[in-house]
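The structure appears right after this line, and notes come after that.
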Amino acid sequence: MLGAVETRSVSPVFVGRAGELTALAEALSRATAGEPQALLIGGEAGVGKTRLIEEFLDTARGQGAVVALGGCVELGADGLPFAPFATALRSLRRRLPGELTAAVDGQESELARLLPELGDPGGHDSSDEDSTARLFELTVRLLERLATDHTIVLVLEDLHWADASTRHLLTYLLRTLRRGRIVVVASYRADDIHRRHPLRPLLAELDRLRTIRRIELARFTRTEVHRQLTGILAAEPAPGLVEEVFERSDGNAFFVEELVVSHEAGCALGQLSDSLRDLLLVRVETLPEDAQRVARIVAEGGSTVEYGLLAAVARLTEDELIEALRAAVGANLLLAVPDGDGYRFRHSLVREAVSDDLLPGERSRLNRRYAEALEADPTLVRADERANRLATYWYQARDPAKALPAVLRASVATRKRHAYAEQLRLLERAMELWDEAPAEIRGSLRPIDYAEAYPPCGCDPETTALGYLDLLAEAAVAARLSGDRERALKIGKTALRLLDGTGAEDPLRAAWFWTERARLQSNLGRGDGWEEIARAQELVKGLPPSAVHAVVLVGAAGWGMLRNPGPDALTAAERAVEYARHVKAESIELNARLTLGTLMAAAGDVEAGLAEMHEVRERTHALGQFTETARAHINISSSLESLGRSREAVELADTGTRLARAYGLVDSIGWIEANRAESLFSLGRWDEAQETAERLLLRSGTSTKPRGSASLRLAQLATARGELDAASRHLADARAVYGTRDPIPQYTLPMAQIEIAMAAAEGRVADVRAQLAAAEQAGFPPGTHRYGWPLVLTAATAEADSRGLPAADEGRAEALDVISRCVRALAAPAPVWAAHAQQVSEERARAEGRESAARWAEVAAAYEPLERPLLLARARHRLADALLVEGGRREEATALLREARAAAVRLGVRPLREDVELLAARARLSLTPQKRAPVAETGDDSFGLTPREQDVLRLVAAGRTNRQIAEELFISPKTASVHVSHILAKLGVAGRGEAAALAHRLHLLDTAH
């Protein structure tokens, strides 16, 4: 390696950028105070982004901050997965070894996917769609822990070269970083970001985050160029030189430097070519021949080239290589890497110019030399970079026989790191090379080495050659796991086309592709996936047992569990367990058992179903299959809620959330929290439910369905509280998430219930009946009683509340018949649903004018031990009303109304509170315990309505217009209008329909004669 090298400092004076440097310094101050900061620095190539960052980092180090710098790597046309994060974490490991070891404790194998020095990253599960999000969550948590006691400055340079995995991790980091003394600074070339550049969507997304500051560097002014030239020349430049350099450079700081170098080399500025490349090559062409040769080798090796690898490729003596490097470094062409044993170009623009100047044959020859050197001595580069760099070198060498195996090995390495977007790119490159590679090379490849998407399907892994379909299967899974479901769907279509659609020649592989297609169709909202599952089932019918059988049956059972949880789904789950056991595929078996347990509980075999799910939870935890453990928490908490055991459901959800957070299972957290919010709503812990739902909407990395559930819960809360505009917005958000092509009862029934509640609150009786009829027609599959009973109860209550309204009389009998049919279709396997059934029955009786205080007392008594405060409060309100109608027992009614009002106030249920207060006012009951309510002699006054106003109200309730009222009461239409206005004001309602409904509900017309 080089000793001290005398180099010419090109721009020793930092010029301008005072505002930008101040912004960075302010961000550092805020971060030091505990408020995480993020800044994006953009500007054209050569404008001074790196120099600005260097000045800032000097300031940060001076204030005691720990600096971690990582740059995105350009390797041919490829970026190394997670390269800047791996470099930065490596730097943090050197500077904070003890703290980093403590921060990663227990997560070494997972975080080793980013930093291989931490240990063995372990295997990969193609069914684990949470893997990437888990890695991202653990990375964010690691940085937050390190930033607890130290101010961390994390710098990620050259985002325009970032691989997809790096971009996704950065997005996740910036969206979720909430605590710690940390500043994240990222830079990119703005002039490289064309319309289709992959960084463009990320920048647009980050612009929407208020927590991120964007800094765009402008070119230097003429004054700043003058200052830069003064610093470079250490003397006052001639006015003509300043003017000419400014004109030629257009204020680009790097071009100013290169023009000065050319000028000092004796080249008059006026003689320079207009070509930027020629300008940048002037510095190279002044070097000795060996130094030029080394520069060309480094240019083709990637962003940084290790000294040992460079020596092997250059094939110079050590002295010759040292002298060549000394010349290149002294000319400020190359720089020694600060934290490593290698070299890079001082500016990527020069490297690109040198690389572009290579001849085609020269480029492929250099890449071959790099590949041969690396194959001869793999230790020349870091282990985490080796496979990708070798694959790129052989590919650029245009040698398909060598490139195909190398690209496949790189795809396996990226898969282990959960860098699925890069794995997909490599697999697509392998498909490109497939036909070009010699047949004997293809025949020597084995699926066991390169492909694991398929479950074992009877073939001998030692003798079966890797096929093109195997590549398609791997690519389809990589695309799905990287989030590119559209690409996954296209790859699957290609595979099925190659299988002639029928799959007759290879039914197991065809069945696997159809199962994948079913999953994608559902995820993309293109359908429910049943047609694809049915095709897969048909293909495996009659074949010997295999893991593919089990996968297909698990898919069928899972489909039925969500959409039609009946005997067919239960049978499919049982057979899936049986087949998986037969072929010793335990992970598939555990998945199937969890589905089976869920279906058993829904079918009424509650304790056996719960026991099955708990066994799976414990076994998967012991095996380290934490995603499946989290799924067990999701399903068990959901089953407990379905049984009315909401407190247990919340406790189990809390346990599941702790487990999911410990292992970074971001998507699982979303599902568990969605279940938790539902149970909290049932328990009347509404503030917690709202907080959980709102937090879920903000969570990054969560699937859309849990966010839909969060919107649904917020709509439910808003409807109950009488906030109909908010309810409508939240319901629209939920509908947008769920779509219309894959109706799933656990989503469609609650949405229908909210629609019915909103229609009832607005007096739209016809809409209530239409929604109920649609729900009845769609049906209530087994296990959906948890969603069906609230819907039917809401509809029955709406019918009862609208009794006496002329507009509601027509069609009431048919509506009550629909309610009766729905009741017969719903099971009541737990006390909470039995209580719902009692309440529906009594609301039907109220709708027919035959309610009974005794029966309402039974409803209230049924709810009292069940921790359902809203339902209990509503039952107590109705019981108090019935007691007052039947006469006597005023003290009992008063106590009931006080309890109902207290619950309504605590929950914020304005409609119920107002109904209770109106009923108490009509009956002259005090809701304040300290005051005794005066006993009314008669009911001749209600809400201060005069006898004439009571007559008008009776006619309003009968549906009369102002003119008809005037004719019947022998008054003028104007007087009738005034009476109606007074009535609306006294009753506190907005319209005639509401006034009529309130009059019937509170029996105001019982005193109208």
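In my numbering, the protein residues as written are 3 to 1011.
Cβ coordinates follow ideal geometry from the N, Cα and C atoms, glycine included.
Are residue i and residue j touching if we call contact CB-CB under 7 Å?
i, j, result
"VAL554", "ALA594", "no"
"GLU844", "VAL861", "yes"
"LEU541", "ALA578", "no"
"PRO867", "ALA421", "no"
"LEU204", "ARG169", "yes"
"GLU757", "GLN779", "no"
"PRO808", "GLY560", "no"
"PRO783", "ASP386", "no"
"LEU601", "THR622", "no"
"ASP194", "HIS162", "yes"
"ALA135", "LEU116", "no"
"LEU795", "VAL842", "yes"
"VAL918", "ALA902", "yes"
"LEU382", "LEU323", "no"
"LEU699", "ALA712", "yes"
"ALA36", "ARG183", "For the sequence presented, residue 36 should be read as Gly rather than Ala. For GLY36 and ARG183, yes; Cβs fall inside 7 Å."
"LEU219", "GLY363", "no"
"ALA906", "ARG915", "yes"
Could you work out which residue in the options is closest to residue i when comparing CA atoms only?
i, options, result
"THR24", "THR61, GLU46 and ALA314", "THR61"
"ALA762", "LYS418, ALA655, PRO913 and VAL825", "PRO913"
"LEU667", "GLN692, ALA651 and GLN627", "GLN627"
"ARG633", "GLY646, PHE782, ALA875 and GLU617", "GLU617"
"ASP689", "ALA326, ARG788, LEU172 and ARG723", "ARG723"
"ASP151", "LEU98, GLY560 and THR930", "LEU98"
"GLU620", "ARG583, LEU661, HIS584 and VAL585", "LEU661"
"ALA164", "LEU335, TYR190 and ARG353", "TYR190"
"GLU643", "THR659, LEU682, ALA664 and ALA624", "LEU682"
"LEU428", "PRO402, GLN398 and ASN390", "ASN390"
"GLU28", "LEU545, TYR345, GLN65 and LEU426", "GLN65"
"LYS418", "SER111, TYR456 and GLY303", "SER111"
"LEU909", "ALA432, ALA759, ALA777 and ARG876", "ARG876"
"ARG826", "ALA817, PRO833 and ALA839", "ALA839"
"LEU685", "GLY785, GLU812 and VAL834", "VAL834"
"GLU576", "GLU969, GLY599 and ALA403", "GLY599"
"PRO509", "GLY485, LYS492, GLU533 and GLY544", "GLY544"
Identify, in the order they occur along the chain, each residue of the same chain with its Cβ nearer than 6 Å to the Cβ of residue i, setting aside the five sequence neighbours on each side.
i, result
"ARG143", "none"
"ASP90", "Here residue 90 turns out to be Ala, not Asp, going by the sequence shown. Hits under 6 Å: ALA70, GLY72 and LEU156."
"ALA679", "ALA691, THR694, ALA695 and ARG715"
Can you list, in chain order, the residues of its chain with a C-beta nearer than 7 Å to that of residue i? Leave out the 5 residues immediately preceding and following it.
i, result
"GLU518", "ALA478 and GLY494"
"ARG891", "LEU885"
"LEU102", "LEU94, ARG95 and LEU148"
"ALA935", "Caution applies to ALA935, whose pLDDT of 44 falls short of 50 and renders its modelled position unreliable; the value that the coordinates give is listed next. Only THR896, ARG926, LEU927 and SER928 meet the Cβ criterion."
"TYR581", "PRO547, HIS551, ALA552 and LEU555"
"GLY741", "GLY527"
"ALA720", "ALA728, ALA729 and HIS732"
"ALA665", "What sits at residue 665 in the sequence shown is Tyr, not Ala. So the list reads ARG136 and PHE628, once near-sequence residues are dropped."
Note down, in chain order, each residue of its chain lying with its Cβ closer than 8 Å to the Cβ of residue i, except the 5 sequence neighbours on either side.
i, result
"PHE16", "ARG53 and GLU57"
"VAL954", "ILE967, LEU971, ALA978, HIS981, VAL982 and ILE985"
"GLY48", "ASN254, ALA255, PHE256, PHE257, HIS349 and LEU351"
State the CB to CB distance for the pair residue i and residue j, rounded to an integer number of angstroms; the pair is presumed to be in contact (CB under 8 Å).
i, j, result
"ALA490", "ALA481", "4 Å"
"PRO831", "HIS787", "7 Å"
"GLU308", "ASP343", "6 Å"
"ALA754", "HIS732", "Not really, about 15 Å apart at Cβ, beyond 8 Å."
"GLY233", "PRO14", "5 Å"
"GLY658", "HIS635", "3 Å"
"ALA192", "GLY44", "4 Å"
Measure from the C-beta of residue i to each C-beta in chain C and report whether the shortest distance is under 7 Å.
i, result
"GLY961", "Note that chain C does not occur in the displayed structure, where there is just one protein chain."
- alpha helix (DSSP H) segments (min. 4 residues) lying fully within the region 576 to 632: You should have 588 to 604 and 608 to 625.
- Fully enclosed by the region 866 to 946, which alpha helix (DSSP H) runs are 4 residues long or longer? Whole alpha helix (DSSP H) segments, 4+ residues: 871 to 888, 892 to 909 and 912 to 924.
- Item | Ranges of the alpha helix (DSSP H) found wholly within the region 105 to 190, counting only runs of at least 4 | Entirely contained in the region 105 to 190, the alpha helix (DSSP H) runs reaching 4 residues are, in chain order, 110 to 113, 133 to 148 and 166 to 178.
- Message: If we require 4 or more residues per run, which alpha helix (DSSP H) segments fall completely within the region 824 to 869?
- Response: Along the length of the region 824 to 869, whole alpha helix (DSSP H) runs at least 4 residues long occupy 833 to 849 and 855 to 865, reported in chain order.
- Query: In the region 673 to 719, which residue ranges form an unbroken alpha helix (DSSP H) of at least 4 residues, counting only runs that do not cross its ends?
  - Reply: Counting whole runs of 4 or more residues, the region 673 to 719 contains the alpha helix (DSSP H) stretches 688 to 700.
- Task: Just list the beta strand (DSSP E) runs in the region 14 to 84, keeping only unbroken ones of 3 residues or longer that don't cross its boundaries, in chain order.
- Result: As far as the region 14 to 84 is concerned, its whole beta strand (DSSP E) runs of at least 3 residues are 39 to 45 and 68 to 73.
- Could I get the ranges of all uninterrupted alpha helix (DSSP H) runs contained in the region 761 to 816, with 4 residues as the minimum, in chain order? Considered as a whole, the region 761 to 816 harbours 767 to 780, 787 to 803 and 808 to 811 as its complete alpha helix (DSSP H) runs of no fewer than 4 residues, in chain order.
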